[in-house]
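Residue numbers (our numbering): 9 to 205.
Next up, the structure:
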């Protein structure tokens, strides 16, 4: 009973807080989703360690098939490490200008026999969580593809000495935005099919 009262009290506090701010519950989450956009220019200031930890926690909060959590992370904060990314990708020079780069990787030893790609879905959810968390923390980022481009996978593996069972899925340069592009409106009702195609 006491636990129920605590939960009810917290829910009431959230509703009161939202009503005072003039926003519906969940509005901040939706604002983060709809205002996220790709950022490729960054201020030259470091991302605070506590924010880096929050980004990683957000990534690890992603859903995971059979809860296997097949993720590992490269966290790059030095210019030398970021230059390795550019060499591994054979391009995308702007990545080296970000003060932080996170590379979510799939650990193929943490998948189940016969898995035909659930790990890819898991790592995609991880990457999106990090992008949204970055936006909510006042940071900017962009999803640079790793997987399924074999040249990029092999290039990053070579630069960072990754074992064969570790597959870099995405490259996420992160920093305080030095540009403010307008988010694209991607809403397309014609792509929605109700109750069947």
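All C-beta atoms in this analysis are idealised placements derived from N, C-alpha and C, irrespective of residue type, glycine included.
Burial state of residue i (16 or more Cβ within 10 Å)
i: residue 38; result: exposed
i: residue 137; result: buried
i: residue 92; result: buried
i: residue 129; result: exposed
i: residue 169; result: exposed
i: residue 114; result: buried
i: residue 122; result: exposed
Pair within 8 Å by beta-carbon distance, residue i and residue j
i: residue 119; j: residue 76; result: yes
i: residue 44; j: residue 96; result: no
i: residue 102; j: residue 53; result: no
i: residue 79; j: residue 57; result: no
i: residue 139; j: residue 82; result: no
i: residue 148; j: residue 141; result: no
i: residue 107; j: residue 55; result: yes
Nearest-angstrom Cα separation, counted from residue j out to residue i
i: residue 189; j: residue 109; result: 20 Å
i: residue 105; j: residue 98; result: 15 Å
i: residue 184; j: residue 125; result: 33 Å
i: residue 151; j: residue 200; result: 25 Å
i: residue 34; j: residue 68; result: 21 Å
i: residue 51; j: residue 156; result: 30 Å
i: residue 70; j: residue 193; result: 25 Å
i: residue 127; j: residue 116; result: 8 Å
i: residue 144; j: residue 186; result: 16 Å
i: residue 28; j: residue 203; result: Its pLDDT being 44, under 50, residue 28 is placed unreliably by the model, and the measurement read from it follows with that caveat. Their backbone Cα atoms lie some 38 Å apart in a straight line.
i: residue 182; j: residue 59; result: 11 Å
i: residue 154; j: residue 94; result: 12 Å
Proximity test, residue i beta-carbon vs the ligand HEM heavy atom, cut-off 7 Å
i: residue 92; result: With respect to the ligand HEM, the structure shown offers nothing to examine, as it has no ligands at all.
Assess, as a yes-or-no matter, whether the stretch 127-134 is touched by the stretch 164-173 under the definition of 3 or more beta carbon pairs within less than 8 Å. no
List in chain order: all unbroken beta strand (DSSP E) runs of 3+ residues lying wholly within the stretch 70-101. 79-84
In chain order, each alpha helix (DSSP H) run of at least 4 residues that lies wholly inside the stretch 112-161: 126-144
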